[in-house]
Every structure is written in structure tokens, then in C-alpha cells.
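Numbering (my numbering), first residue to last: 12 to 114.
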């Protein structure tokens with residue numbers, strides 16, 4: 012569920028991470044699709060910049076453009092057909108990890 016407070020967008024659930032990080036899920040080939048929103052956290056500092064990646068069984072399925080503080084959320088929609096292991100990454104966009112909080 013998504014809701015707005017003033018001009019800020021909030022989600023009731025999800026994952027937060029700091030660059031550089033990885034979150035791994037054992038899917039056991041039981042899922043067909045991943046649909047998700049992603050963005051730099053609204054509480055991140057002004058210098059925050061990240062790139063999001065989604066891997067299925069070590070194969071790159073999705074890579075976001077560089078995202079900065081204040082960018083609107085973007086969406087990813089990827090097939091997980093036959094995927095055993097899902098890997099979500101948050102990378103520092105090549106400029107260091109300072110203030111790089113992501114959701």
C-alpha cells in the first residue's frame with residue numbers, strides 16, 4: 012500500500028538497504044514474476060545516488076538508471092520463470108556510498 016503525506020510518498024512495507032548491498036532469496040522455481048517499485052529513500056542525504064539490479068540465478072534481469080535523492084519511484088517487472096535464486100542489489104552508482112539509502 013502506498014500513501015502520500017504532503018509531497019512525500021511512503022510505503023507500508025518493503026526492503027531498505029544501504030549501498031553496496033545484496034539481498035538473496037531462495038525461490039525454488041516457485042514464482043513467475045516480480046513487480047516492484049524502487050527509489051532512493053526520502054530520508055537519504057542530498058548526495059545519495061544508487062543503481063538497482065535484479066539477478067535470477069546469476070543472470071542480470073534488470074538494471075535501473077542512476078537514481079538520486081528526490082527522483083520519483085520507478086518500477087521493474089521481470090519474469091522469474093524457472094529462477095531458483097533471486098538477488099536484489101543496491102550499488103553506489105560509481106561515486107561512493109555516502110548517504111546511499113535505498114528502498
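The beta-carbon is built from N, C-alpha and C at its ideal position, and this holds for glycine as well. No experiment lies behind these values; they were computed from the predicted model shown.
Exercise. Ignore the nearest five residues each way along the sequence and tell me which others in residue 68's own chain have a CB closer than 6 Å to its CB.
Key: Setting aside the 5 residues that flank it on each side, residue 68 is surrounded in the same chain by 94, 95, 96, each with a C-beta closer than 6 Å to its C-beta; the list follows chain order.
Quiz prompt | Rounded C-alpha distance that separates residue 98 from residue 27 | solution = Distance between the alpha carbons of residue 98 and residue 27 is about 14 Å.
Quiz item: Who are the Cβ neighbours of residue 60 in its own chain at under 8 Å, not counting the five residues just before and after it?
Solution: If we look at residue 60 and ignore the five residues flanking it on each side, its Cβ neighbours are 51, 77, 78, 79, 80, 103, 104, 106, 111.
Practice problem: Can you have a look at residue 90 and say buried or exposed, based on whether 16 or more other CB atoms are within 10 angstroms of its CB? | Solution: Residue 90 is exposed by the Cβ-count criterion.
Quiz item: Is residue 109 closer than 8 Å to residue 64 when the C-beta atoms are compared?
Solution: Going by C-beta atoms, residue 64 is not nearer than 8 Å to residue 109.
Quiz item: Are the CB atoms of residue 24 and residue 48 nearer to each other than 8 Å?
Solution: In this structure, residue 48 does not lie closer than 8 Å to residue 24 by Cβ.
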